[in-house]
Ligand code: ADP
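Encoded structure:
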């Protein structure tokens, strides 16, 4: 722990007396370190595609100047890198927007059924590309929670997209909504992919944490998706529970 110690002389009737005060600044230090780690990580993540763009531009100005075929290939890679940078910037902006709103809990009723229908439709092209079927299991009645619609869309887009991308071998992603008496409303997103080794599970919602960086990059991940999910759920007073078994699959549950 880190303390600031202050020594102050106190007025007395002639005898020397001092007051010692201790202030625990460990938490401030920890937050400071987290902030500077975050800036370092974000800069590193942006610098990688930037360095690659610069490399391709120099090659196209020099060695590959007259090679039309190579140039065409390089331009496609450069577009990928530019897209990666813009996904990162979008996610960073999302996070900072959420931090500003962290203390304002949402105050509207949102029906989760149309939200999940919308998410399934918006992910349909990706699911089709990966050969994954997204199955929704919804109750008959409305499932309302206190929330902000666009943020809830972002939560379920992230969870269902992850289930499709990382669990794609399983071919099926199940989204199940239930009202559990005494527990609350739960949305479970289950894949039948390779699962996540137990030691990684507690760290998944850290910014830029990935189980496998190359796998995440090749799947167009930024490493910020679950950090965004956690921020939104905290604001919604909801929790994210993760269960995963190697060789069986993963289940991400949102409990309102
Ligand atoms: P990314 O942008 O890399 O997908 P996320 O924050 O969404 O970042 O997820 C963090 C990491 O958690 C991913 O890189 C991946 O390694 C792991 N992960 C997330 N969802 C799943 C899942 N359904 N199955 C296996 N691994 C997952």
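In mature numbering (1 follows the signal peptide of the UniProt record, and there is no 0), the protein residues as written are 127 to 382. Beta carbons: idealized from backbone N, C-alpha and C, even for Gly. These numbers were taken from a predicted model, which means no experiment stands behind them.
Checklist entry - Between residue 354 and residue 224, is the Cβ-Cβ spacing less than 8 Å? => result In this structure, the beta-carbon distance from residue 354 to residue 224 falls below 8 Å.
Item to check | Where the beta strand (DSSP E) through residue 379 begins and ends | outcome: 375-381 is the span of the beta strand (DSSP E), which, as asked, contains residue 379.
Item to check | Rounded C-alpha distance that separates residue 235 from residue 359 | outcome: For residue 235 and residue 359, the gap between their C-alpha atoms comes out near 15 Å.
Next on the checklist: Quick check on residue 135: does DSSP put it in helix, strand or coil?
Outcome noted: Taken through DSSP and simplified to helix, strand or coil, residue 135 comes out as strand.
Next on the checklist: Can you tell me whether residue 286 is buried or exposed? The criterion is at least 16 other CB atoms within 10 Å of its CB, across all chains shown.
Outcome noted: Counting the other CB atoms within 10 Å of its CB gives residue 286 a total of 16 or more, which places it among the buried residues.
Checklist entry - Cα separation between residue 197 and residue 206? => result Residue 206 has its alpha-carbon roughly 14 Å from the corresponding atom of residue 197.
Next on the checklist: For a test of the three-state rule: what should DSSP assign to residue 334, helix, strand or coil?
Outcome noted: In the structure shown, residue 334 falls within a coil segment according to DSSP collapsed to helix, strand and coil.
Checklist entry - If we count the other Cβ atoms within 10 Å of its Cβ and call it buried at 16 or more, is residue 370 buried or exposed? => result Under this definition residue 370 is a buried residue.
Checklist entry - Of all the beta strand (DSSP E) runs that stay within the bounds of the stretch 233-293, which reach a length of 3 or more residues? => result Taking only runs of at least 3 residues, the beta strand (DSSP E) segments lying wholly in the stretch 233-293 are 234-237, 259-263, 270-273.
Checklist entry - In this structure, what does DSSP give as the bridge partners for residue 369? => result In the DSSP secondary-structure assignment, residue 369 is bridged to 377.
Item to check | Nearest to residue 131 (by Cα), restricted to the options 149, 140, 139 | outcome: Distances from the alpha-carbon of residue 131 to those of 149, 140, 139 put 149 closest.
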